[in-house]
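Reviewing the structure listed below.
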Amino acid sequence: MILVTGATGHLGAAVLHTLLQRTAPQHLAALVRDPAKATAWHTRGVHIRVGSYTDPASLDSAMQGIDTVLLISGGGDDDGLQQHQNVIDAARKAGVRRVAYTSRALQDPASLANELMVRHFQTEHYLQASGLGYILFRNILYMDTLPLFTGPTVLETGISLPAGQGKVAYALRSEMGEAIANVLLENTGGNHTYHFTGSEAYSFHDVAAALTQASGKPVAYTDVESSVLAARMRERGVPAVAIQRTIGFLTDIKHDQEAMVSPNLEAALGRRPTGLLEGVKQLYQL
1 MILVTGATGH LGAAVLHTLL QRTAPQHLAA LVRDPAKATA WHTRGVHIRV GSYTDPASLD
61 SAMQGIDTVL LISGGGDDDG LQQHQNVIDA ARKAGVRRVA YTSRALQDPA SLANELMVRH
121 FQTEHYLQAS GLGYILFRNI LYMDTLPLFT GPTVLETGIS LPAGQGKVAY ALRSEMGEAI
181 ANVLLENTGG NHTYHFTGSE AYSFHDVAAA LTQASGKPVA YTDVESSVLA ARMRERGVPA
241 VAIQRTIGFL TDIKHDQEAM VSPNLEAALG RRPTGLLEGV KQLYQL
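Counting along the sequence shown from 1, when you hit position 22 you're at 22 in full-length UniProt numbering, and nothing is skipped either side.
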């Protein structure tokens with residue numbers, strides 16, 4: 001049986017959607033904090049396990065009878081690493097065969113500006129040392145985040161970000177979920193690491209060009225200093241920690257941390273991942 005954590009989130013839902021297309025629901029379980037939010041999965045026959053990354057006792061119970069756990073990384077909580085370790089510890093105690101973890105595809109973890117990303121690699125190391133079988137899904141930045149970076153008025157104001165000429169091999173979250181599910185259903189033994197990226201890396205100049213082509217309106221990208229973006233975010237009342245993380249993301253993009261291109265996603269999907277232009281049309285409803 002496969003247990004999918006974070007099953008009511010975007011990525012977890014995408015994984016379960018594909019799993020249900022390819023295997024019987026009695027082989028699937030969903031870990032959720034609030035069962036009321038998982039009624040759609042329950043109705044389709046998925047076993048619902050109630051638990052939280054912060055509650056080891058609930059995790060111990062949720063792991064019973066599970067063969068494979070998909071640990072979807074948590075949010076930005078200060079104790080995020082401990083939460084991941086709690087899941088891995090519970091899996092080991094319950095005799096789970098393998099744990100798959102959704103990590104990040106970054107070029108050089110030792111030189112990251114966004115310190116929040118470091119915990120992904122700390123989690124990887126903890127899992128590798130646990131003695132459990134493991135699968136590491138190192139995922140690139142979701143293409144779905146582009147509207148968050150560009151803002152709701154991008155077609156009128158253009159893109160102004162401190163990302164330089166840096167590139168990202170964006171991929172759609174839904175396609176990553178589909179690929180993860182496909183890999184989980186394979187019966188290959190051993191430990192594996194997959195880098196799930198798009199087939200091409202794009203700068204924000206490329207994003208602006210795609211928006212221009214899709215909308216018919218001229219959209220330009222302007223590279224600005226980090227201090228300019230930080231000041232704009234403060235004016236909008238954005239919390240300091242959110243500003244720091246956003247600047248960290250964009251600094252890493254500027255340094256090409258997200259520019260890795262791998263064939264792994266295309267192989268797991270069995271088709272070429274959605275490119276930037278088609279992705280922009282979907283995400284911006286153009």
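All C-beta atoms in this analysis are idealised placements derived from N, C-alpha and C, irrespective of residue type, glycine included.
Selection from the options that minimises the alpha carbon distance to residue i
i	options	result
P273	N191, L185 and G177	G177
D89	S103, D108 and V69	V69
G95	G133, H192, L71 and E258	G133
D164	K37, F204, A57 and T212	Checking the sequence shown, residue 164 turns out to be Gly, not Asp. Closest option to G164, Cα to Cα, is F204.
Y142	F249, L3, H17 and A267	F249
G270	L229, V183 and P218	V183
T157	V280, T212, T43 and N86	T212
S73	F137, R97 and I66	F137
L106	S227, T251 and Y221	T251
Q278	A230, A214 and R245	Position check: residue 278 holds Glu in this sequence, whereas Gln was assumed. For E278, the nearest C-alpha among the options comes from A214.
D79	P162, L116 and N191	L116
L20	Q64, H47, G131 and G65	H47
G65	S52, M1 and A38	M1
H192	W41, A230 and S103	S103
L276	S199, L71 and I180	S199
G75	A231, V280, T153 and H10	H10
G190	H42, V219, L71 and I135	I135
F149	F121, A230, A40 and W41	A230
P218	D77, T153, Q82 and L81	T153
Three-state secondary structure assigned by DSSP to residue i
i	result
S103	strand
Y126	helix
T39	helix
T68	strand
H192	strand
R271	coil
S52	coil
A259	coil
I140	coil
Q98	The sequence as given places Arg at residue 98; Gln does not occur at that position. Note: R98 maps to strand in three-state DSSP.
G177	helix
L31	strand
G9	coil
L132	coil
D78	coil
D60	helix
V280	helix
A171	strand
C-beta atoms of residue i and residue j nearer than 7 Å
i	j	result
T197	S111	no
L59	Y101	no
L286	P147	no
I253	G166	yes
L31	T5	yes
H84	T123	yes
R44	P25	yes
A208	I159	yes
N264	Y221	no
R173	D144	yes
Whole-angstrom distance between residue j and residue i, CA atom to CA atom
i	j	result
T23	A169	30 Å
A242	N114	11 Å
E225	A62	47 Å
L3	A29	5 Å
M260	G216	30 Å
A267	R119	27 Å
L161	D67	44 Å
G237	R92	43 Å
H17	H27	13 Å
R234	L155	23 Å
D223	V15	36 Å
D108	S52	31 Å
N187	A36	33 Å
L185	V87	21 Å
I180	D34	24 Å
F121	L81	10 Å
Local Cβ density within 10 Å of residue i, reported as buried at 16 or more and exposed below that
i	result
N139	buried
R49	buried
G12	buried
E258	buried
H125	exposed
T246	buried
E175	buried
A210	buried
V228	exposed
A240	exposed
R98	buried
residue 289	Not covered by the structure: residue 289. The range shown for the chain is 1 to 286.
A40	exposed
A129	exposed
heavy atom of the ligand HEM below 6 Å from residue i C-beta
i	result
D108	Among the ligands in the structure shown, none appear at all, so the ligand HEM cannot be discussed.
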